[in-house]
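Colleague: Residue numbers for the sequence shown follow this note's numbering, so the first one is 3 and each next one is one higher. Ideal Cβ positions, reconstructed from N, Cα and C, are used throughout, including at glycine. What follows is a single structure, and I will ask about it in a moment.
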Amino acid sequence: MNALNRKRWSVWVRKIQRFFITTVIGGLVVVLPITIFFTLINLGFRLIGRLVAPIGELFSFSDSINSWIVDLVALAVVIVLFFLIGLIVRTNLGNQLFSILERDYLSRLPFYNTLRETVRQFIGNKKMPFSKVVLVEVFGTSTKMTGFVTDELGNDMYTVFVPTAPNPTNGFVFHVHASQIEFLDVKAEEAMRSIIAVGAGSNILFRERTQADQEV
């Protein structure tokens, strides 16, 4: 193997190593917060189960039925605790106290912010990024690019990610006014397919506009 081939082989190996490491880390970032969330729920459930275990001794049922009763009571206690905490946080004082607790302590915990965002998306309190497909106009021209809303900034400002074709993992981030974007009634998967296909099938992005023109 000559020097040129060895250099090419070395570059190829480094690319594979970098791809493997970044992919593993990406999977870990997604899975770990969810695992931590359910682990904490499980630990809390087991702890409360031990505390209410004496309740099972009040009944003259079999051990399996008593265990089922204890689990049911523990689940009810967990739900009531979550309800009470949520009720407190909904008050002005409770919300202020939680904001202070989160800012000064919780946000410093490893993976807390990631866990919080995961839970919000899981319960539907926050819309998933890339759920809204738009045509965005930038640079003051009439040229429009396919993009995805990744955040709403307030004051009619949006953050839009515009993927490159055919590799949508790369792209550009624009912070634009609402007047510069046009929301499309298209699924994110359909828009992404047109990007990967280097524009082929983009007619699906304009189907509403085409139908409106035909009706007129």
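If you scan the region 24 to 106 from start to end, which runs of the beta strand (DSSP E) of 3 or more residues do you find wholly inside it?
Modeller: none
Colleague: Kindly confirm or deny that the region 196 to 208 and the region 161 to 172 touch, where touching means at least three C-beta pairs closer than 8 Å.
Modeller: yes
Colleague: What would DSSP say about F163, mapped onto helix, strand or coil?
Modeller: Working through the sequence shown from its first residue, we reach residue 163 at position 161. F163 falls in the strand class under three-state DSSP.
Colleague: What are the residues that DSSP puts in a beta bridge with M147?
Modeller: Position 145 of the sequence shown, counted from the start, is the residue given in the question as residue 147. Paired residues: V138.
Colleague: With distances taken Cα to Cα, identify the nearest neighbour of V188 among F174, R209, Q182, F176.
Modeller: To locate residue 188, count along the sequence shown from 1; it is residue 186. Comparing Cα positions, the closest option is R209.
Colleague: Just to confirm, is the Cβ distance from V178 to V138 under 8 Å?
Modeller: Taking the first residue of the sequence shown as position 1, residue 178 is located at position 176. Taking the first residue of the sequence shown as position 1, residue 138 is located at position 136. Taking 8 Å as the Cβ cut-off, V178 and V138 qualify as a contacting pair.
Colleague: Within 8 Å, do at least three Cβ pairs link the region 78 to 85 to the region 104 to 111?
Modeller: no
Colleague: Which residue marks the beginning of the alpha helix (DSSP H) containing I197, and which one marks its end?
Modeller: Working through the sequence shown from its first residue, we reach residue 197 at position 195. Note, I197: alpha helix (DSSP H), 190 to 198.
Colleague: Taking a contact to mean a Cβ-Cβ separation below 8 Å, would you say E192 touches I206 in this structure?
Modeller: As a first step, residue 192 is located in the sequence shown; it is residue number 190 there, counting from the start. As a first step, residue 206 is located in the sequence shown; it is residue number 204 there, counting from the start. Their beta carbons are under 8 Å apart, which means E192 touches I206 by this criterion.
Colleague: Where do the ends of the beta strand (DSSP E) carrying F174 lie?
Modeller: For the purposes of this step, residue 174 is taken as residue 172 along the sequence shown, with counting starting at 1. From DSSP, the beta strand (DSSP E) with F174 extends over 173 to 179.
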